[in-house]
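What follows is a short report on a single structure.
4 protein chains.
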Amino acid sequence: MGVTSVSLDLKDPEASIASMARAVSNWGRWGEDDAVGTLNLIDDEARTRAARLVRTGESLSLSLPFDMNGPQRGWRRRTNPVHTMLDTGTDAERGLQGFPHGIGGADDVIAMPLQCSTQWDGLGHIFDHGMAWNGRRAGDVVTSEGDLVTGIEHAAPLITGRGVLLDLGRHLSPATGELDDGYAITPDDLDACIAAQGPTSEIGTGDIVLVRTGQLARAKREGWGEYAGGPAPGLSFTTAPWLRARDIAAIATDTWGFEVRPNEFENAFQPLHQVVIPHLGLTIGEMWDLDALADSCAASSRYEFLLTAAPLRITGAVGSPVNPIALL
Amino acid sequence: MGVTSVSLDLKDPEASIASMARAVSNWGRWGEDDAVGTLNLIDDEARTRAARLVRTGESLSLSLPFDMNGPQRGWRRRTNPVHTMLDTGTDAERGLQGFPHGIGGADDVIAMPLQCSTQWDGLGHIFDHGMAWNGRRAGDVVTSEGDLVTGIEHAAPLITGRGVLLDLGRHLSPATGELDDGYAITPDDLDACIAAQGPTSEIGTGDIVLVRTGQLARAKREGWGEYAGGPAPGLSFTTAPWLRARDIAAIATDTWGFEVRPNEFENAFQPLHQVVIPHLGLTIGEMWDLDALADSCAASSRYEFLLTAAPLRITGAVGSPVNPIALL
Amino acid sequence: MGVTSVSLDLKDPEASIASMARAVSNWGRWGEDDAVGTLNLIDDEARTRAARLVRTGESLSLSLPFDMNGPQRGWRRRTNPVHTMLDTGTDAERGLQGFPHGIGGADDVIAMPLQCSTQWDGLGHIFDHGMAWNGRRAGDVVTSEGDLVTGIEHAAPLITGRGVLLDLGRHLSPATGELDDGYAITPDDLDACIAAQGPTSEIGTGDIVLVRTGQLARAKREGWGEYAGGPAPGLSFTTAPWLRARDIAAIATDTWGFEVRPNEFENAFQPLHQVVIPHLGLTIGEMWDLDALADSCAASSRYEFLLTAAPLRITGAVGSPVNPIALL
Amino acid sequence: MGVTSVSLDLKDPEASIASMARAVSNWGRWGEDDAVGTLNLIDDEARTRAARLVRTGESLSLSLPFDMNGPQRGWRRRTNPVHTMLDTGTDAERGLQGFPHGIGGADDVIAMPLQCSTQWDGLGHIFDHGMAWNGRRAGDVVTSEGDLVTGIEHAAPLITGRGVLLDLGRHLSPATGELDDGYAITPDDLDACIAAQGPTSEIGTGDIVLVRTGQLARAKREGWGEYAGGPAPGLSFTTAPWLRARDIAAIATDTWGFEVRPNEFENAFQPLHQVVIPHLGLTIGEMWDLDALADSCAASSRYEFLLTAAPLRITGAVGSPVNPIALL
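Line by line, the protein sequences give chains A, B, C and D. Residue 28 in this note's numbering is what sits at position 45 of the first sequence, and the numbering runs on without skipping anything. Residue 158 in this note's numbering is what sits at position 175 of the second sequence, and the numbering runs on without skipping anything. Residue 132 in this note's numbering is what sits at position 149 of the third sequence, and the numbering runs on without skipping anything. Residue 121 in this note's numbering is what sits at position 138 of the fourth sequence, and the numbering runs on without skipping anything.
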């Protein structure tokens, strides 16, 4: 693919997005009925190889806690998860539950945005000029009844494969391990990080790439502040061809919004999303906690592992909370 | 362990439960602060061996869909999941969202009981006479603020290991593959099934055992009916010593309630739960869809695989929805 | 108004609805910015007169209970209300809450469809061929962010005035007080009921009319069954001109859906709604419990009272739960 | 009643609360089964007189909007209301809903704490040393299934009667109409306000007293800030005997927490609540918007009106959102 020359005019995001979209589009690549985009790139053989990467058996959850102490502050009605009890141990102990032979129970419910914490963005999450993944009209895909075509349920069995950590935080800021807010990670940064980390971080077809910026480590230390939507390090708009050329299956970051914020264009909002979700068909993870994984990878100098990051099988969802498991 | 002689009086569940609890108790086994029970039995070495079981790379989701077509009928305020949209493609296509440069988005929320569909029961889910796992008072563990001690978040990284399918449905009912409602699976049934299936279904320390009854296949064909709480095949109360002796890490079934229903005692409610959750410290999965897995295992005559069944990391939850992934 | 001659073709609901809509339309009557329709017809003078109707000071709630025992069965994701506790007395009594000087508390949350039980339909609830009240395009009015124009909050202070009970159940079925399911109440039935009940049930401008069919009494006795959407007595499609001619402000019934079900046309769904909400601008109440009120009115032979039925002031809602208070 | 001499030790809230509780207790006054406390003091005769107060027919909603722009910030899992759509006008206009003859619809759901905005506190909301209203053990009253004894549903028909506005903001701060945060309203302040406002604000048995501090006007102007739980003007702990002596039925304020904050005792939390809810049996309203009412009362020099403030009839709720209607 020779997709490196795309026009970028920082004052004209719309033209740049259109140009980039044409350059990297995967529309039609997996047939007109496709519902999973680049997740097609993980095949059984890739999963078999990924399983063989397991060395120590160390299992790490890459999920943040889901509770009221999360980063959400109400933007677009996104709250932190509200978890309440239907039955409690206190009631059981006091003998209030009316069950026989001394059995008691506790039960619970949750109300939450599907993108309130560690999550996958589904392919129905972002549109470009009213068009969704694979060239469909957005209104034919996601109505108030949910995503009728590319709902996250289609990805339910698919997101297990080779995970690779690119620890840009440590690579670019060895002293702190954290990139500054507003830092735009470029294709050259990605390549240099891979070179520095060594061959276990080479990226190939069907890989699930985890990009650590270190911003989450800072938020855990200093408080959420503007983590949900404010300034953040993240991928530059210019990485779209890099993502396309390597044919990765999915990507996730330790930030709220995957791409650098403020966005690189003037008066813009998440332009890289606008390219990679509807045009590339790329599944994006956000708010993943990569810190323990990064410590482990740094200690072993191995950056590849079996990653199982199964979304909940919610019919018609445009995103899903997830508890990604790295098996090292 | 010689825990096979426990007194059973079908008219006296309370005494039988007490006797069985004493016989199989794991209280104190992993220290007084333990929060995960038999999940301790999966260690890094076990996970490494489990990863080596992968042969074909076939990945199967063992989850039911999460939507309004689920089995819940309101018992104890358990509803099916209510999934609603915060933003839609219809709105985006019509230009109603107010974002710049043609980007549009869809977002969603969910309200659901944590045990409405494919799930794990956490250790705070069931109590015996006001006592919770490891000998704690239930009211010290699960208040209206959630499970303060044994919340499902402690299990977040742990539930990945060797899965073994015991297809009791096919074994006992070869013609239909489905056990009758009310059929109580005995220890002898389990042993005979293992023997018939062959060495890949031998059960050992730290395994995650999946028991298929076939009831879910029937429900998918005929409608939910009384699936949520009504008559069902399931484990006999007498299997508790078998589960304890094999030191399994976790177990899951394709039924609403894991154990046979109606329960074997008169005037009883889930007596096996009352033994194995608070006394054995066993994590139980329910409403798992094992049908595709069973087809695959039957075809290959291999019943073991890498299972990753990561609960959402919901702080203080006594259960969690899960999308279990079997990697064969 | 001479709006009585409208064409009705039971095989052609679409043409009949169009004809009826033209005959009764209030579009433009209260200006192009109007957000409340016929609620404009209750003025301060009408409210003053309504307050003077109070004789005995008897106060009756016309609301059903809001709980899991309600009529909803999941149609279009409508559930019964799920009420859960954030804090409990059990926890407080056990000393688990961490407050000083012995204070304890209980708190709660609810998740519910706004039309799950006793309710008002707002003007954004129903559209006719993509058009909303007062001639607006439906997509300009109700997006996934709610009703941006005619949200129920506009009605917050308005729905207090003269209430009149028309007890069609008692009038037409004196033996049981209950109309049969499928019975269509005609304009003549309404007039005859008024004549029989006497001058306190004369209907005039700005009145809030409560039509009791008795179906709810039957459901309370026999169980909900198909109450939510099944066969029911209710207003005939032909009552639209009657409702328009009397210039009532609002109307409510003791049924799920206000109009007779099955609907009078073949292959139809709520055709009277399609006329009276978007074209007449009429606010409709459903699932009101009129039984105690009917007893009281029958005993006193007075059918008028002060009615205060204030919707919750939920920004952008297309309906609201309500606890209507009749002060007799 | 001579209940004015109660001991107050600002360093010992516990003793002061106990002393005050004894002085003002209503336990047993309405029988041992009572579920509504001082709401008993509004009888039919009082409601009849209240209806006669109506002069102009002006109807005012005293409710704040219920939406994501509300004051909640997550304390004890209290969020602002999350209102989402099940169906939209955009979908209807685009022809996505599948209904016949051109009908379309919009529907919605809400998830909210019952005390997130304009509200009533029910009698099960606050306990004193594990005891609830009328001398019951808190754990016998409010379990995780809700308030089994004094749920808000018992108050459903009762809260309509004579409302009286005491505009302490205007009375004590004529220049701004707003009391400072931290200002404790004393019994003398209440009496002086009544004297200044004149005979229409005399308080008697069964009245519903609305105390305006002006804090909400400030919050509407300057932003919520710490409105939910931070410093605020409010009633002094010493007003409990005043409230008891006048036998009011209910009271509401324009603040988050009714009583002055910070509380007057050291290391205290809502001590007046601890007296007046469980001991007096007083129903308390919070976050009422009294500003338009205050303007109207000031203009007419009449401070009494018919108030209808019907809680939703939610079974077992310890509080309820409410849209209070003042009819002047």
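A virtual CB, placed ideally from N, CA and C, is assigned to each residue, including glycine. Because the structure is a prediction, the values reported are computed rather than measured.
Note down, in chain order, every chain C residue with its Cβ under 7 Å from the Cβ of F322 of chain D.
Look at the range of chain D in this structure, -16 to 311, and you will see that residue 322 of chain D is not part of it.
Cutting at 7 Å between CB atoms, please list the residues of its own chain near R296 of chain C, excluding the five before and the five after it.
Against the third sequence, residue 296 of chain C aligns to sequence position 313. Contacts found: E136 and A139.
Check whether the Cβ of A94 of chain C lies closer than 8 Å to any Cβ atom in chain A.
Position 111 of the third sequence, counting from 1, holds the residue named residue 94 of chain C. Yes, A94 of chain C counts as interfacial toward chain A.
Contact criterion: CB-CB distance below 8 Å. Does G85 of chain B meet it with respect to chain A?
Counted from its first residue, the second sequence places residue 85 of chain B at position 102. G85 of chain B has a beta carbon lying within less than 8 Å of a beta carbon in chain A.
Given a limit of 9 Å on CB to CB distance, which residues of the segment 69 to 82 of chain A reach chain C?
Of all residues in the segment 69 to 82 of chain A, L69, T71, T73, D74, E76, R77 and L79 have a Cβ within less than 9 Å of some Cβ in chain C.
Mind checking if T291 of chain A is an interface residue toward chain B, Cβ cutoff 8 Å exclusive?
Locating residue 291 of chain A in the first sequence gives position 308, where the first residue counts as 1. Judged by the 8 Å Cβ criterion, T291 of chain A is in contact with chain B.
Nonlocal neighbours in the same chain, by C-beta distance under 8 Å from T71 of chain D, ignoring five residues either side
Counting from 1 along the fourth sequence, the entry for residue 71 of chain D is found at position 88. Within the same chain, Cβ atoms closer than 8 Å to the Cβ of T71 of chain D are found at A89, the five residues on either side in sequence being excluded.
For the segment 17 to 27 of chain D against the segment 178 to 196 of chain D, are there 3 or more C-beta pairs whose distance is under 8 Å?
With contact defined as three or more Cβ pairs closer than 8 Å, the segment 17 to 27 of chain D and the segment 178 to 196 of chain D are in contact.
Would you kindly check if the distance between the Cβ of T126 of chain B and the Cβ of L310 of chain A is under 8 Å?
Start at 1 with the first residue of the first sequence, and residue 310 of chain A comes out as number 327. Start at 1 with the first residue of the second sequence, and residue 126 of chain B comes out as number 143. Result no, Cβ atoms of L310 of chain A and T126 of chain B do not sit closer than 8 Å.
Exposed or buried, what is G11 of chain A when buried is set at 16 or more other beta-carbons lying within 10 Å of its beta-carbon?
Numbered from 1 along the first sequence, position 28 holds the residue referred to as residue 11 of chain A. Residue environment analysis places G11 of chain A among the exposed positions, since fewer than 16 neighbouring C-beta atoms fall within 10 angstroms of its C-beta.
Which whole runs of the beta strand (DSSP E) in the segment -2 to 64 of chain C are 3 residues long or more, in chain order?
For the segment -2 to 64 of chain C, whole beta strand (DSSP E) runs of length 3 or above, ordered along the chain, are 42 to 44.
Determine, for S303 of chain D, whether the minimum Cβ-Cβ distance to residues of chain B falls below 8 Å.
Your numbering for residue 303 of chain D matches position 320 in the fourth sequence. Not one chain B Cβ lies under 8 Å of S303 of chain D.
Closer than 9 Å by beta-carbon distance: list the chain D residues that pair up with T126 of chain A, in chain order.
Position 143 of the first sequence holds residue 126 of chain A. Within chain D, the residues near T126 of chain A are D70, T71, T73, D74, R77, L79 and Q80.
By Cβ distance, which residues of its chain are closer than 6 Å to M51 of chain A, with the 5 residues on each side in sequence left out?
Here residue 51 of chain A refers to the residue found at position 68 of the first sequence. Excluding sequence neighbours, M51 of chain A sits near N63.
Quick check on the DSSP output: what are the complete beta strand (DSSP E) runs of length 3 or more inside the segment 119 to 178 of chain B, in order along the chain?
Counting whole runs of 3 or more residues, the segment 119 to 178 of chain B contains the beta strand (DSSP E) stretches 143 to 150.
For the beta strand (DSSP E) that G72 of chain C lies in, which residues bound it at each end?
As a working note, residue 72 of chain C is residue 89 in the third sequence. Premise fails: G72 of chain C lies in the alpha helix (DSSP H), G72 to E76, not in any beta strand (DSSP E).
Cβ neighbour criterion (16 or more within 10 Å) applied to D130 of chain B:
For this step, residue 130 of chain B is matched to residue 147 along the second sequence. With 16 or more Cβ atoms within 10 Å of its Cβ, D130 of chain B is classed as buried.
Given a cut-off of 8 Å on the beta-carbon distance, is the pair L151 of chain C and T101 of chain C in contact?
The residue given as residue 151 of chain C occupies position 168 in the third sequence. The residue given as residue 101 of chain C occupies position 118 in the third sequence. No, they are not a contact pair.
In whole angstroms, what is the alpha-carbon distance linking R257 of chain B and D274 of chain B?
In the second sequence, residue 257 of chain B corresponds to position 274, counting from 1. In the second sequence, residue 274 of chain B corresponds to position 291, counting from 1. Inspection of the sequence shows that residue 257 of chain B is occupied by Gln rather than by Arg. A direct Cα-Cα distance of roughly 28 Å separates Q257 of chain B from D274 of chain B.
For Q198 of chain A, does the count of other Cβ atoms within 10 angstroms reach 16, so buried, or fall short, so exposed?
As a position in the first sequence, residue 198 of chain A is number 215, starting the count at 1. It is buried - the Cβ of Q198 of chain A has at least 16 other Cβ atoms within 10 Å.
Would you kindly check if the distance between the Cβ of D91 of chain C and the Cβ of H108 of chain C is under 8 Å?
Walking along the third sequence from the start, residue 108 of chain C turns up at place 125. Walking along the third sequence from the start, residue 91 of chain C turns up at place 108. No, Cβ-Cβ distance for H108 of chain C and D91 of chain C is not below 8 Å.
Return helix, strand or coil for S303 of chain C, following the three-state DSSP convention.
Within the third sequence, the letter at position 320 stands for residue 303 of chain C. Three-state DSSP puts S303 of chain C in a strand.
Under 8 Å between C-beta atoms, does L295 of chain C make it to chain D?
By 1-based counting over the third sequence, the position of residue 295 of chain C is 312. Cβ-Cβ to chain D under 8 Å: yes for L295 of chain C.
Any C-beta of chain B under 8 Å from that of V132 of chain D
Taking the fourth sequence and counting its residues from 1, one reaches residue 132 of chain D at position 149. So, not an interface residue.
Are the C-beta atoms of M114 of chain A and some chain D residue less than 8 Å apart?
Here residue 114 of chain A refers to the residue found at position 131 when the first sequence is read from its first residue. By this cut-off, M114 of chain A is not an interface position.
From D(-8) of chain D to A(-2) of chain D, what does the alpha carbon distance come to, in whole angstroms?
As a working mapping, residue -8 of chain D is identified with position 9 in the fourth sequence. As a working mapping, residue -2 of chain D is identified with position 15 in the fourth sequence. Looking at the two C-alpha atoms, the distance is approximately 8 Å.
With a threshold of 8 Å between beta-carbons, can G206 of chain C be considered close to chain D, or not?
Reading the third sequence from its first residue, position 223 is the one you call residue 206 of chain C. Not closer than 8 Å to any Cβ of chain D, the Cβ of G206 of chain C fails to qualify, so no.
Measuring CB to CB, does A293 of chain C end up less than 8 Å from N306 of chain D?
Taking the first residue of the third sequence as position 1, residue 293 of chain C is located at position 310. Taking the first residue of the fourth sequence as position 1, residue 306 of chain D is located at position 323. Against a cut-off of 8 Å, the Cβ pair of N306 of chain D and A293 of chain C comes out as a contact.
When you compare the CB of T62 of chain A with every CB in chain C, is at least one pair closer than 8 Å?
Taking the first sequence and counting its residues from 1, one reaches residue 62 of chain A at position 79. No, no contact with chain C.
Does DSSP put R195 of chain D in a helix, a strand or coil?
As a first step, residue 195 of chain D is located in the fourth sequence; it is residue number 212 there, counting from the start. Correct three-state label for R195 of chain D: strand.
Using DSSP with H/G/I as helix, E/B as strand and the rest coil, what is V259 of chain C?
On the third sequence, residue 259 of chain C is found 276 positions in, with the first residue counted as 1. Helix at V259 of chain C.
Would you verify that the beta carbon of P54 of chain A is, or is not, closer than 8 Å to some beta carbon of chain B?
Position 71 of the first sequence, counted from the first residue, corresponds to residue 54 of chain A. Contact with chain B is absent for P54 of chain A, since none of that chain's Cβ atoms lies less than 8 Å from the residue's Cβ.
Three-state class that DSSP yields for A115 of chain D in the structure shown
Along the fourth sequence, read from residue 1 onward, the residue named residue 115 of chain D stands at position 132. Shown here, A115 of chain D sits in a strand according to DSSP, grouped into three states.
Identify the residues that DSSP records as bridge partners of D90 of chain C: which are they?
Taking the first residue of the third sequence as 1, we reach residue 90 of chain C at position 107. According to DSSP, which records beta bridges pairwise, D90 of chain C is partnered with C:D70.
Using a beta-carbon distance below 8 Å, is V243 of chain C in contact with chain B?
Residue 243 of chain C sits at position 260 when you count from the first residue of the third sequence. Not one chain B Cβ lies under 8 Å of V243 of chain C.
W58 of chain D burial status per 10 Å Cβ neighbour count (16 or more: buried):
Here residue 58 of chain D refers to the residue found at position 75 of the fourth sequence. With fewer than 16 Cβ atoms within 10 Å of its Cβ, W58 of chain D is classed as exposed.
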